[in-house]
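The structure appears below as structure tokens.
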Amino acid sequence: MATYGRIDEYDEREEWTQYVERMDHYFEANDIEDKDKKRSIFLSVIGAKTYKLLRGLIRPEVPNKLSYEELSEAIKNHYVPKPSVIVQRYKFNTRVRRNDESISTFMAELRALSEHCEFGSALDEMLRDRLVCGVNEDRIQRRLLAEPTLDLKRALEIAHGMETAAKDVRD
Numbered sequence: 763m764a765t766y767g768r769i770d771e772y773d774e775r776e777e778w779t780q781y782v783e784r785m786d787h788y789f790e791a792n793d794i795e796d797k798d799k800k801r802s803i804f805l806s807v808i809g810a811k812t813y814k815l816l817r818g819l820i821r822p823e824v825p826n827k828l829s830y831e832e833l834s835e836a837i838k839n840h841y842v843p844k845p846s847v848i849v850q851r852y853k854f855n856t857r858v859r860r861n862d863e864s865i866s867t868f869m870a871e872l873r874a875l876s877e878h879c880e881f882g883s884a885l886d887e888m889l890r891d892r893l894v895c896g897v898n899e900d901r902i903q904r905r906l907l908a909e910p911t912l913d914l915k916r917a918l919e920i921a922h923g924m925e926t927a928a929k930d931v932r933d
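Every number in this note's numbering is 762 more than the matching position in the sequence shown, counting from 1.
Printed below as a string of structure tokens:
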């Protein structure tokens with residue numbers, strides 16, 4: 763059977779969660795479902811430095827007694843401690859669009875910032891409100907505020923439309 767892709771050892775410059783996502787894609791692409799095989803591949807490719815760290819994190823347990831999920835979670839808890847919700851919401855709520863930043867880029871940044879805010883079903887409303895408050899362009903902001911029943915989809919349509927129109931006029 764052909765093997766699709768490859769996983770290099772973990773490099774601390776990469777986010778741990780992205781490394782695990784790539785590992786999961788590798789398992790999926792290669793139809794690897796067996797829990798023992800997943801664990802063995804994971805332990806074989808993470809590299810000596812990460813393996814040593816892992817051993818220290820799980821002591822007195824040994825790696826071959828835990829699942830791939832438990833092992834990767836142990837490392838995640840080391841590299842990516844659970845962030846403070848209030849700090850994450852502060853960062854989200856104080857984010858303002860930069861003068862040279864497109865609406866799309868601003869929204870992508872807001873979505874990234876919202877990841878650990880625990881907004882749940884209120885996420886779209888929070889994104890809409892942050893777009894309105896942080897758009898940093900008076901004419902777009904006034905237009906958004908004039909809309910009586912504004913949802914996120916409509917707010918984005920208006921903001922993108924006005925941004926495109928302004929760009930077309932300048933060009």
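Don't be surprised by glycine CBs; every beta carbon is placed ideally from N, CA and C. None of the values given here were measured: they were computed from a predicted structure.
Asked: Using alpha carbons as the reference points, say which of F868, R851, Q850, S802 lies closest to L828.; Found: S802
Asked: Identify which residue in V847, R860, E899 has its Cα closest to the Cα of G882.; Found: V847
Asked: Mind checking whether L819 and Y813 have CB atoms under 8 Å apart?; Found: no
Asked: With H, G and I counted as helix, E and B as strand and the rest as coil, what does DSSP make of T911?; Found: coil
Asked: Please state whether DSSP places K929 in a helix, a strand or coil.; Found: helix
Asked: Near A917, what residues of its chain come up, given a Cβ to Cβ distance below 6 Å and the 5 sequence neighbours on each side ignored?; Found: R890, L893, L906
Asked: Out of S864, V807, L815, N826, which one is the CA nearest neighbour of T926?; Found: S864
Asked: Between R851 and the rest of its own chain, which residues show a CB-CB distance below 6 Å, the 5 nearest in sequence each way excluded?; Found: C879
Asked: Under the rule that 16 or more other beta-carbon atoms within 10 Å means buried, what is Y781, buried or exposed?; Found: buried
Asked: Could you check the C-alpha separation between K936 and P843 for me, to the nearest Å?; Found: In the structure as shown, the chain starts at 763 and stops at 933, and residue 936 therefore has no counterpart that could be examined.
Asked: Work out the CA separation of P845 and E771 for me, nearest whole Å.; Found: 26 Å
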